[in-house]
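Input: a single structure, listed below in structure tokens.
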Amino acid sequence: MPDEERGISYREMACIAEELLEKTHEDETLLAREFTALPDTLRRDLLVSDFFNAYQVFYYYFKQTPGELEKERLILQPASALVQGVMINERELLEIIFRIEDDQPVMSVSDGDRVLVNFRGIDAYERALRFIDEAL
Numbered sequence: 007m008p009d010e011e012r013g014i015s016y017r018e019m020a021c022i023a024e025e026l027l028e029k030t031h032e033d034e035t036l037l038a039r040e041f042t043a044l045p046d047t048l049r050r051d052l053l054v055s056d057f058f059n060a061y062q063v064f065y066y067y068f069k070q071t072p073g074e075l076e077k078e079r080l081i082l083q084p085a086s087a088l089v090q091g092v093m094i095n096e097r098e099l100l101e102i103i104f105r106i107e108d109d110q111p112v113m114s115v116s117d118g119d120r121v122l123v124n125f126r127g128i129d130a131y132e133r134a135l136r137f138i139d140e141a142l
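Okay, structure coming up:
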């Protein structure tokens with residue numbers, strides 16, 4: 007299979023990720039800019055890889071820093087966990103789960119058993135928080 011059909015190798019992705027982290031000194035603002043400059047396919051692959059953490063991906067999509075507890079939860083999870091979803095906030099019996107679906111960020115509000123609502127877009131996190139505040 008030709009290289010262009012296979013996509014980029016794991017080793018090449020590792021090298022690119024390392025270069026990005028070194029170049030940006032792991033600064034989330036600079037890293038988000040670098041992600042934007044990458045070819046779409048490479049960016050999509052890196053944003054759900056083990057080379058970055060979920061916080062770096064959160065910042066890329068939302069251009070904001072969540073609360074300290076949420077940030078720590080995201081830092082502790084690899085970006086690859088976003089395919090299934092990472093719980094980043096909980097209030098009462100409701101949870102906010104950050105995930106990547108069809109190469110787009112999604113904030114889901116769940117009661118622990120089922121997803122009540124999904125939010126998409128740059129303000130998805132604020133809308134999820136507002137939904138919980140209004141529900142309580």
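Counting from 1, position 29 in the sequence shown corresponds to residue 35 in this note's numbering; the numbering is continuous, with no gaps. Beta carbons: idealized from backbone N, C-alpha and C, even for Gly.
Taking 9 Å as the cut-off, the beta carbon of Met-113 is found no closer than this to the beta carbon of Ala-141. Scanning its chain for C-beta atoms nearer than 8 Å, with the 5 sequence neighbours on each side dropped, one finds around Leu-99 the residues Asp-117, Gly-118, in chain order.
Boundaries of the beta strand (DSSP E) around Leu-100: 100 to 107. For Ile-106, the closest of Glu-78, Thr-42, Tyr-67, Gly-73 by C-alpha to C-alpha distance is Tyr-67. Of all alpha-carbon atoms in Pro-45, Phe-125, Asp-139, the one lying nearest the alpha-carbon of Ile-14 is that of Pro-45.
The C-alpha of Val-123 is placed about 35 Å away from the C-alpha of Ala-20. Ala-43 is not a Cβ neighbour of Ala-60, given a cutoff of 9 Å. In this structure, Asn-95 is the residue among Ile-128, Phe-104, Val-89, Asn-95 with its C-alpha nearest to the C-alpha of Asp-139.
Taking C-alpha positions only, Ala-38 is separated from Arg-120 by approximately 32 Å.
Going by DSSP, Arg-97 is part of no alpha helix (DSSP H) but of the beta strand (DSSP E) stretching over 92 to 97. Sequence-distant Cβ neighbours of Val-92 in its own chain, meaning closer than 8 Å and more than five residues away, are Ala-60, Arg-79, Leu-80, Gln-83, Ile-103, Phe-104, Arg-105. Rounded to whole angstroms, the gap between the alpha carbons of Leu-36 and Ile-22 is 15 Å.
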